[in-house]
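Input: a single structure, listed below in C-alpha cells.
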Amino acid sequence: MSPKSNRLILFCVAAAFLILAAVLTLSALEENIVYFYTPSELDRSEIGSSSIRIGGLVKKDSININGLTTRFIIEDATSQQIVIYTGALPDIFRDGQGVIAEGKFENKFFKANVVMAKHDEKYMPREVADKLKEQGVWQGDTSR
Amino acid sequence: MIVELGHFCLVLAFVLSVSQFVFPIFASNSNFKQLHSITLKMTLLNAICVLLSFVSLVWAFIVSDFSVALVAEHSHSSKPIIYKISGTWGNHEGSLLMWILILSIFGAGLALTQKTMPISQKSWILGIQGSIGSAFLAFCLFTSNPFERLSNIPLNGNGLNPVLQDIGLALHPPTLYVGYVGLSLAFSFAVAALLTNRFDKNWARYMRVWVQIAWCALTLGIGLGSWWAYYELGWGGWWFWDPVENASLMPWLAATALLHSVIVVEQREQLKSWTVLLAIIGFSLSLLGTFIVRSGLLTSVHSFASDPTRGLFILGILIISIGPPLILFAIRGPKLKTDGPLVLVSRETALIANNFLLICATIVVLIGTFYPIALEMTTGMKITVGPPFFEATFNPIMGLLVIIMGVGPFMVWKQGLMRKTKQIWMFGIGITALTIVFVVQASTVLSIGAIAGISTVTWLGATIVCDLVIKVRTLKRNNKSDFWQRLIHLQWSMWIAHFGVVIFLIGALGESVFTNETVARMRIGEQIQIGANKAELKSISTRTGSNYEALVATLHIIDGQDNYIGTLNPEKRIYPVERETTTEAAIRQKLTHDYYAVLGDGNQTDGYTIRLYRKPFVSWIWFGVLLMASGAAVSALKNINYQKKSKKALQS
Chain A
17 MSPKSNRLIL FCVAAAFLIL AAVLTLSALE ENIVYFYTPS ELDRSEIGSS SIRIGGLVKK
77 DSININGLTT RFIIEDATSQ QIVIYTGALP DIFRDGQGVI AEGKFENKFF KANVVMAKHD
137 EKYMPREVAD KLKEQGVWQG DTSR
Chain B
41 MIVELGHFCL VLAFVLSVSQ FVFPIFASNS NFKQLHSITL KMTLLNAICV LLSFVSLVWA
101 FIVSDFSVAL VAEHSHSSKP IIYKISGTWG NHEGSLLMWI LILSIFGAGL ALTQKTMPIS
161 QKSWILGIQG SIGSAFLAFC LFTSNPFERL SNIPLNGNGL NPVLQDIGLA LHPPTLYVGY
221 VGLSLAFSFA VAALLTNRFD KNWARYMRVW VQIAWCALTL GIGLGSWWAY YELGWGGWWF
281 WDPVENASLM PWLAATALLH SVIVVEQREQ LKSWTVLLAI IGFSLSLLGT FIVRSGLLTS
341 VHSFASDPTR GLFILGILII SIGPPLILFA IRGPKLKTDG PLVLVSRETA LIANNFLLIC
401 ATIVVLIGTF YPIALEMTTG MKITVGPPFF EATFNPIMGL LVIIMGVGPF MVWKQGLMRK
461 TKQIWMFGIG ITALTIVFVV QASTVLSIGA IAGISTVTWL GATIVCDLVI KVRTLKRNNK
521 SDFWQRLIHL QWSMWIAHFG VVIFLIGALG ESVFTNETVA RMRIGEQIQI GANKAELKSI
581 STRTGSNYEA LVATLHIIDG QDNYIGTLNP EKRIYPVERE TTTEAAIRQK LTHDYYAVLG
641 DGNQTDGYTI RLYRKPFVSW IWFGVLLMAS GAAVSALKNI NYQKKSKKAL QS
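Residue numbers (our numbering), protein chains in the order written: chain A, 17 to 160; chain B, 41 to 692.
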C-alpha cells in the first residue's frame, strides 16, 4: 500500500469514529440534561416524569423530619412545591435557605434524590439567586 | 513598608517582562545580537522581582497586616500559621500573583538550563513568556492589585472559608498552577517555532522536558484536588464531574496528548504542526481552566466573588492569547513539513490514535461543561449536565484508549508489530479472555459498563507485564556483558506511568462498582449493616479545636461475629469566626477498602443521621495518580540527564 492510501484509511477511520462519537454524545446529552425550574415555572404536562431540578427557598416552618425522610416546601414569590427526600440533608439545610432539589415527580409530590445547599451560609446557588432576583423575592446579599 | 516594597517589585516586574517581550524582536531585526543574552538576564531579574513581591504578600498574611485590604478580607489573627500562609493564594488576587510567580520561575528555569539550545531560539521563547507575563502583570496591577491598602484598618479579618482550611487545599492550588503554567512554556516553544519556522527533533526534545514537568504537576494537582474532595467535602465521592473539576481535566487531557505527540516529533519528525497546535490548545485550555473557575461563571466553591470588569479582562486575555497564535498557526502551521511515509501498523499510528481519542474526550468534556453556560446565555434556559452524560460518553472513549494503550507499546516505529512475540501476546489475550469469562459468570450483579471496565483494566495490566517481559528478555539475549547497565535505559518511565493507570482504574472501578452505602438515623447503642459488617454508634461528644467547636460521633465497626474491627470519628465543626458549619468525614483507610462515615444533624432522642460507606480499593486511585506522576518525573529526569551529557559532549 502506498503511504497516501494509508493516510486516507487513517483519515476515514477517524472520520467514521468522529461521526459515531458525535451521535453518541448528542444522544447522551439529550437523555441526561436536567432542566432547572423554580416552583412557579413548573408545568407538569411539560415535565412528565423526567428528572429535573427545582430551586428556591425553604418555606418557613415547612420542614417535617420523620426518621430519614424529610418533607419540606420549596417556594418562590408566587408558588410552592412539596418535596419529599430520603437521606442525609446538607449541613445548612434550614428555613429560608436557598436550596436545589433534584428528582422526579411522583403524583403530586416531588421525590428528590439529591438536595443541595452550599456550605457558605452567604451562598445562594446562582440559578436560584438569579431567578429570585428576577422575581424580586430576594434582593441580593446586602450585608457587604 | 514591606507591602509597598512588594508593590514596587510588582511594577518593576511588569516593566521587565514587557522588555523581555520586546527585546528578542529588536534583536532579530537588528545587528545588536547581545540583546538576546540580555533577554535571559531580564527573565531572571523578572523572576526575582515577582518572588520578592509574592514573599512580601505572604509576609503581610503571616503578620496579619489588616491594613492590606486582601488580608483583612481573607485572613484572621486566630487562624493557624499554615492557613495564614495558604490564605495568600486562597483568593483571587493572591492566586493571580502566584500564577505570575510560577510563570516567571518557569521562564527563569529555561533561562538557566538547556544551555545547548541556540541563544536566539531561547530568547524568542522567553519573549513569548514575557508577553504572557506582561498581560497578567497588567491584569494584576490594574484590576486585582493584592497590595491595596485600607484607609480605616479593621481590628480583625473576615477569616477564610473553613472548607478551605485544610492541608490538601493548601497544596492543591500551587501544584495545579505549576501544571497549568508549565504548559505556558510548551505554548511559548510552539509559538516561537511558528515565528522562527524551526521545529525539529532537538526542538521537540527540549520542549518535552517542560511538558513532562507540567504534566507531572498537573496530574498531582488534580489528584490532590480529588483527594481533598473525597475526605473534606464529605459527599463520599472523589470525582463529581463538577464544572471546576472538568476545567482542570481538559488541559490534562490535552497535555497528555501533547506528552505523546512530542515523542512522535522527537523520534520520527512527524505530527509537527499537530503538536504545535496541541501546545497552543493545551495552554489555552489551562488559561480557560484557571480563569473560568475564578470568573464566577461556574457555580462552585472555587469561584471567588468577582466584579464584571475582571471577567471582561480575563476574556480579553483569553482572546489575545489564543487568537493570534491560532492565526499564526493557520498561516505558518502547514509549512511545518512532515518527513517520511506513514505506516498503518506502527508506533506512530498508535500514538495518533491516542491523540485522537484524547482530543475526542476533551471535546466531550468541553461540551458537557460549557453547553449549559452557552444555552443559558442564548436562551436563558437553565440546565445541568450531570455525571450520567460523562459516564455515557467519556468512559467509552477512555476505554478504547486503554485498549490501545495495551497494543501501542508492542508496535515498532515505522515498521509494524514486534516480531517473535506471539506467545506473549497470547498470554495477554488469554488472561483478558479468562477475566471476561469470569466476570460474565458473575454478571448477575455487574453492569455491562463494569464488565467492560474490568476487562480493559485486565488487558492493560497483562499487556504491560508482557511488554516488560519481552523487552527485558530481548535485552538479556542480545547483551550478555552489559545487561545491567542497559537495563536502566529501558522505558521504565512509560511502564511506571501506564501501570499507574492500571492501579488508578482498579481504584476507580472498585469504588464505583463495589461500594456499599447506608444512611440511617441512629440513636446511641444502635447498629446498622454495612456490607458483611456492622457499625454501632457508641457515643456523641463535643470537642474544642484550634478555631472551631466540634460534635464528635464514635462509631465502632464490628464484623459478623461481633469482633471489633475499628473506630470511626466523624465530626461536625462549627467555626464561630466565619459562622459556618462543616462536616468532617471519618475515614478508616486500608489497602483493600476504606470505611467512610459522615455525621449529619440530629439530637439525642431522635438519633443522628449517619452516612456510612465501605469503598473497596478507593485509595488505589491516588496511588495510581502518584505512579503516573512519578513516571513523568522519571522520564523528565532522564531527559535532563541526557541534556547534561550532550552539553558535556559539546564542550569537550
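Just so it is clear, CB atoms sit at the ideal spot from N, CA and C, and this is done for glycine as well.
Any Cβ of chain B closer than 9 Å to the Cβ of A:Gly83 would place that residue at the interface, and such an atom is present. Scanning its chain for C-beta atoms nearer than 6 Å, with the 5 sequence neighbours on each side dropped, one finds around B:Leu50 the residues Ser93, in chain order. Assignment of beta-bridge partners to A:Val50 by DSSP yields B:Thr424.
Of the candidates B:Gln569, B:Ile488, B:Trp129, the residue whose Cα lies closest to the Cα of B:His212 is B:Trp129.
When the five nearest sequence neighbours on each side are left out, the beta carbons in the same chain lying within less than 8 Å of the beta carbon of B:Val480 are those of Ile491, in order along the chain. Rounded to the nearest angstrom, the Cβ distance from B:Ala230 to B:Ala254 is 13 Å, too far for a contact under 8 Å. The beta carbon of A:Thr94 sits closer than 6 Å to the beta carbons of Ser56 from its chain, once the five residues preceding and following it are set aside; these are given in chain order. For B:Met421, a Cβ of chain A is located within less than 9 Å of the residue's own Cβ. Sequence-distant partners of B:Thr83 (beyond 5 residues in either direction) whose C-beta falls short of 6 Å from its own C-beta, in its chain, are Gln60, Gly147, Ala148, Ala151, Leu166. If you compare the alpha carbons of B:Val559, B:Ala560, B:Arg526, B:Trp499 with that of B:Phe539, the shortest gap goes to B:Trp499. A straight line joining the alpha-carbon of B:Ile125 with that of B:Ser675 spans about 32 Å.
A direct Cα-Cα distance of roughly 7 Å separates B:Lys454 from B:Leu382. Residue pairing by DSSP places A:Thr102 opposite A:Thr85 in a beta bridge. Going by DSSP, A:Ser56 is part of no alpha helix (DSSP H) at all; its letter is neither H nor E. Contact residues of the region 89–111 of chain A toward chain B are Gly103, Ala104, Leu105, Asp107, Ile108 (C-beta to C-beta distance below 7 Å). A direct Cα-to-Cα measurement between A:Ile25 and B:Ala393 gives close to 13 Å. Between A:Ile49 and B:Phe429, the C-beta gap is smaller than 9 Å, which places the two residues in contact. One Cα belongs to B:Leu80, the other to B:Gly501, and the distance between them is close to 46 Å. In the DSSP assignment, A:Arg110 forms no beta bridge with any residue. By the rule that beta-carbons nearer than 9 Å mark a contact, B:Glu620 touches chain A.
Taking 8 Å as the upper bound for CB-CB distance, B:Pro214 and B:Met138 are in contact here, some 7 Å apart. Using a 10 angstroms sphere on the CB of B:Ser266, the tally of other CB atoms reaches 16 or more, which defines it as buried.
Following the DSSP letters along the chain, one finds B:Tyr123 inside the alpha helix (DSSP H) bounded by residues 121–127. Residue pairing by DSSP places A:Gly71 opposite A:Ile116 in a beta bridge.
Assignment of beta-bridge partners to B:His633 by DSSP yields B:Pro656. When the beta-carbon positions are compared, B:Cys180 and B:Glu133 come within less than 9 Å of each other. For a Cβ distance threshold of 8 Å, nothing in chain A lies close to B:Ile262: the least Cβ distance comes to about 22 Å.
Of the other Cβ atoms in all chains shown, fewer than 16 fall within 10 Å of the Cβ of B:Gln569; this residue is therefore exposed. Residue burial annotation: B:Glu618 is buried, with at least 16 other C-beta atoms found within 10 angstroms of its C-beta.
With a threshold of 9 Å between beta carbons, B:Phe331 makes no contact with chain A. Under the 9 Å criterion on CB atoms, B:Gly199 is classed as non-interfacial with respect to chain A. Interface residue (Cβ-Cβ distance to chain A less than 9 Å): B:Tyr588 is not classified as such.
Partner residues in the beta bridge of B:His596, as assigned by DSSP, are B:Glu576, B:Thr607. Beta bridge pairing from DSSP links A:Ile90 with A:Val74, A:Gln97.
Counting along the chain, the unbroken alpha helix (DSSP H) around B:Ile546 starts and ends at 532–554. Within chain A, the residues placing a beta-carbon under 8 Å from that of B:Ile437 are Ala37, ordered along the chain.
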